[in-house]
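Novice: For the sequence shown, position 267 matches number 307 in our numbering, and the numbering has no gaps at all.
Please find one structure pasted underneath; my questions will follow.
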Amino acid sequence: MSAESFAAHLALLDEGALEKLLAKRPDVRVEPVPAGFVELAQRLGGAASLGEALIRMNRDEIVVGQAVAVLGDSATVAGVAQLLGAPGAMVRQALAGLYESGLAWNEGDRVQLPRRLAEHWAAELGGGRPMATLARSVLLDDLRTAAQALGVAAAGLRKGELVSRLVEATADIGALARTVRALPVPVRERLDERRYGLMIYFGYPTGADSRDAALAAAGLLLRVSHSWELPREVAVAAWLAERELLLTGRPAIAHAEVDGAVLRSASQAAVQATLTAMTTLLDAARSKAITALKQGGVGSRERGRLASRLSLPAESVMMCLDLAYAAGLLGETEGGYAPTRAYPDWRAAEPARQWAVLASAWLRLDHAPTSREVDDGREQPPPLPLVSAAGPMRRALLAAVADGESVAATAEQIDWFFPLHGYEDGARKDKVAAAIREAELLGVVAADRLTECGRHLVALGDGGPEGLDELAQRAADLLPANPCTVIVQSDLTAVVSGQPSLAVSNLLSAAAVKETAGTAAVWRFTPTSVRGALDAGWTASGLLSELAAMSDRPLPQPLEYLVADVARRHGAVRVRGMRSCVLADEATVAELLHTRSLQSLHLAQLAPTVLSSPFELDEVLARLRSAGLCPVAEDALGVVIVETREEQRAAGPARLTPVGPPRLTALELARRLRSASDAGYSPDAGSATVELLARLGAQLDDAELRLLGHAIDHEQDVRIEYRDKNGSRTIRQIQPRQIYGRWLDSWCRLRDAQRDFAIANIESVGPPI
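And the structure:
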């Protein structure tokens, strides 16, 4: 179980096998990458890395791994098969999955596990000391009682001989498991309490209990110094007895037979609808930021208003908020959320690239956007991140249907493909249903089958920038650009079908009002909307020419008349910024003076064509426009002021990057490790920071010290498992700033505040997520 043994095994792998292993363990490819095989073995055996890998294991792999942990250094394929009562072929198949993921390796004919993983599984099985150790502290009469219950002839045996016979009897785990299965239910429940120590944890009494007497009478519980203790072998037998057949093999799932053309058409329609919903939401957020709750996130009322105003389904709004935030297209601004600087580039990209960015972000999300967890009865609103098993469950489901299996039938067997989800039956069904529905919205699943886009996503979705480029390239033929068609009608409406470009969207937003959204959106031109375009700097001729080019056909006369009429009236009244001076011809000035709704402006005639007002320029403009006039603004020199609509913009990335820290590809790291090994390279001890950490954190291995030192030196995030002064353990993602004394000054992402961590209490270090 040593890192040196694991490192020697890794060094013997050929490049293809090493690349496959590194592809399954992406966290070890985050900088600073391992500088050699010893450090790679340490990283693969780290607590954080093992946790990430374990959730990808199926049920058979976990059961076989636990059996290896039970057998310890004597674990062989034959031994595991005998313990589980399973065919050797099934054991070898499960071990192959563990080998490929770097969770086990062979040392001769023995199967080895990383130390932390062996300890974790051993702790999960529960129980106390082995019988050989425990029995030495048990009174002879109690040993005879246990031996007789287990079928051992105890008469006339001395204590040493009796201990040896008990050890032999309890070595037959299968027989012990049959004894456990035969126990009455209450006694079996007491055995589980003893196995996991639940009496102490939940404050149960640890003294005499009739069920303890029943366990002792069955030879399964021994008294040591007036207290009961469960032998390790009995705990293993109880684990073995949990299922009649522990290894089942991959469930047989029928394929979903669907016509390829139907599948592609459904996928394209779903992608188009989602991209339209996303651009509709983010285009609207450019003009007015999406209102956020005080504690962050977009509340249900605001989501309802957005859905109603933009004519979008409520689930699309929730999903778009999460995906846009995860993809770096939406960010926080004052009081809400608005598009980032990356949004214009994404908006102008081809549909395949747009889809690749959103689908990759969805695949990596830890939660289900349309089925968010509720904490203490309160919703955790989007786009706030969540810690959830819904994301790993989604990835397990999609990986399981990569060869065309029925998605619905596979979902019913999700407990085999993803046994560590931790959900009760109802919650599990909700998360699986959400994963399927979201996959359908993104065109990843259609007609109960993974689509072509879905297969490419499963293969490339976690491949970093190169994988994102390749995903967009593969989807280009599947998701061709949907040409935008604009038909301007004589009823002063424009019907827009397809995905409008940014230019079309900007023009219609400036000159028309959106009435309906969907596959064919309808925009209406009104005197107010056209005046707004002229206020923003458009000219009548420029507006008409752009509309004609956009519609690719002659404009109807009613629209030309509307634009011409508004343009003729536009600027007939001019408001000069003098707080304020209104200029117009004599007839208009007379009209203004006698308009009742304008009396509150306190207009005074300074000359036949000049009026003054004590109100500011913006106020006078607004009052005149509400009275049906079309004034324009001038500065103090008489130059017309072009009114610009302020665009909401959130801080965020200037270009699109995949979610998560940058990492090497599996092939790049495999070749780097091979080159270092061939050259006999031995990594340097590290920076002065690493050397200082080594003195303060002796519990950390070289790989963990290097990760933490790199994070301090480069002001980057790192994930730690920390034990506080009360003994409580938490997992934190932090950005360490500096070392002072024995403390690490850091910014804690969990608390969103500065925190100090005792370096000696950091129990493990891993890359950020």
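Note that the Cβ used here is the ideal one computed from N, Cα and C, for glycine as well.
If you're wondering where the values come from, they're calculated on a predicted model, not measured in any experiment.
(1) What residue range does the beta strand (DSSP E) around Lys554 cover?
(2) Classify Cys670 as helix, strand or coil using the three-state DSSP reduction.
(3) Output needed for Arg759: all residues of its chain with C-beta closer than 6 Å, excluding positions within five of it in sequence on either side, in chain order.
(4) Could you tell me whether the stretch 280-300 touches the stretch 327-341, where touching means 3 or more Cβ pairs closer than 8 Å?
(5) With Leu519 and Ala392 assumed to form a contact (beta carbons below 8 Å), what rounded beta-carbon distance in angstroms separates them?
(6) Helix, strand or coil for Gln513? Go by DSSP, reduced to three states.
(7) Which same chain residues, not among the five before or five after Val699, have their C-beta less than 6 Å away from its C-beta?
(8) Taking 6 Å as the limit between beta carbons, can you name the residues of its chain near Val622, skipping five residues before and five after?
(9) Please list, in chain order, all residues of the same chain as Asp67 whose beta carbon is under 6 Å from its beta carbon, the five residues on each side excluded.
(10) Using DSSP's beta-bridge definition, name the partner residues of Glu419.
(11) Does Arg777 come out as helix, strand or coil in the three-state DSSP assignment?
(12) Taking all protein chains shown into account, do 16 or more other C-beta atoms lie within 10 angstroms of the C-beta of Ser715, making it buried, or fewer, making it exposed?
(13) Checking 8 Å against the spacing of the C-beta atoms, do Arg234 and Leu261 come in under that value?
(14) What's the gap between the Cα of Tyr721 and the Cα of Gly538?
(15) In the DSSP assignment, what are the bridge partners of Thr533?
(16) When the Cα atoms are used, what is the spatial distance from Leu303 to Ala475?
(17) Quickly, what does DSSP pair Ala647 with across the bridge? List them, please.
(18) Specify the secondary structure class of Val70 as computed by DSSP and reduced to three states.
(19) Under 8 Å by Cβ, that's how I've got Val78 and Glu44 pegged, so tell me the actual separation to the nearest angstrom.
(20) Using 8 Å as the threshold, is the C-beta distance between Ala515 and Ala396 below it?
(21) Specify, as a first and last residue, the run of the alpha helix (DSSP H) that Leu350 falls within.
(22) Spatial neighbours of Leu361 within its chain, please: C-beta separation below 8 Å, excluding the five flanking residues on both sides.
(23) Can you have a look at Ile213 and say buried or exposed, based on whether 16 or more other CB atoms are within 10 angstroms of its CB?
(24) Taking only the alpha-carbon atoms, compute the straight-line gap between Ala253 and Asp100 and give it to the nearest angstrom.
(25) Counting only the same chain and skipping the five closest in sequence on each side, list residues whose C-beta sits under 6 Å from that of Asp741.
(26) What do you get for Thr219, buried or exposed, if any count of 16 or more other CB atoms within 10 angstroms of its CB means buried?
(27) On a Cα-Cα basis, can you pick out the residue from Pro379, Ser351, Ser356 and Ala738 that is closest to Arg326?
(28) One question on the structure: do Ala588 and Pro594 come within less than 8 Å of each other, judged by their Cβ atoms?
(29) How close, in whole Å, do the beta carbons of Leu270 and Gly167 come, if the pair is a contact with beta carbons under 8 Å?
(30) Taking contact to mean 3 or more Cβ pairs, one atom from each stretch, closer than 8 Å, check whether the stretch 113-123 and the stretch 131-141 are in contact.
(31) Going by DSSP in three states, Arg746 sits in which element: helix, strand or coil?
(32) Thinking Leu602 and Pro567 are a contact (beta carbons under 8 Å), I'd like their distance in whole angstroms, please.
(33) Of the residues Asp149, Val110 and Gly137, which one's Cα is nearest the Cα of Arg169?
(34) Sorted by chain position, which residues of the same chain lie with C-beta nearer than 8 Å to Tyr762's C-beta, five sequence neighbours on each side aside?
(35) Per DSSP, what kind of secondary structure is Arg601 in: helix, strand or coil?
(36) Taking 8 Å as the threshold, find out whether the stretch 564-578 comes into contact with the stretch 632-651 through three or more Cβ pairs.
Specialist: Let me lay it out:
(1) Val553 to Thr556
(2) coil
(3) Ala88, Gln773, Gly806 and Pro808
(4) no
(5) 5 Å
(6) helix
(7) Because Val699 carries a pLDDT of 46, less than 50, the predicted location of this residue cannot be relied on, and the following value inherits that uncertainty. Closer than 6 Å at Cβ, skipping near neighbours: Ala366, Ala401 and Arg404.
(8) Val615 and Leu651
(9) Ser89, Glu92 and Pro807
(10) Val414
(11) Reduced to three states, the DSSP call for Arg777 is strand.
(12) Burial state of Ser715 is exposed, judged by a 10 Å Cβ sphere holding fewer than 16 other Cβ atoms.
(13) Between Arg234 and Leu261, the CB-CB gap stays under 8 Å.
(14) Unreliable positioning characterises Tyr721 in this predicted model, as indicated by a pLDDT of 44, which lies under 50. The coordinate reading is nonetheless provided below. Tyr721 and Gly538: Cα-Cα distance of roughly 57 Å.
(15) Beta bridge pairing from DSSP links Thr533 with Arg564.
(16) 18 Å
(17) Note: Ala647 sits in a beta bridge opposite Val650.
(18) strand
(19) With a Cβ gap of about 7 Å, Val78 and Glu44 count as contacting.
(20) yes
(21) Ser340 to Leu350
(22) Leu321, Ile330, Val338, Arg343, Leu370, Tyr377, Pro409, Pro422 and Pro423
(23) By the 10 Å Cβ count, Ile213 comes out buried.
(24) So the two alpha carbons sit approximately 35 Å from each other.
(25) Gln82
(26) buried
(27) Among Pro379, Ser351, Ser356 and Ala738, the Cα nearest to that of Arg326 belongs to Pro379.
(28) yes
(29) 5 Å
(30) These segments touch.
(31) helix
(32) 7 Å
(33) Checking every option, the nearest Cα to that of Arg169 belongs to Val110.
(34) Arg769, Thr770, Ile771, Arg772, Phe797, Asn801, Ile802 and Glu803
(35) It is Tyr, not Arg, that sits at residue 601 in the sequence shown. Helix.
(36) no
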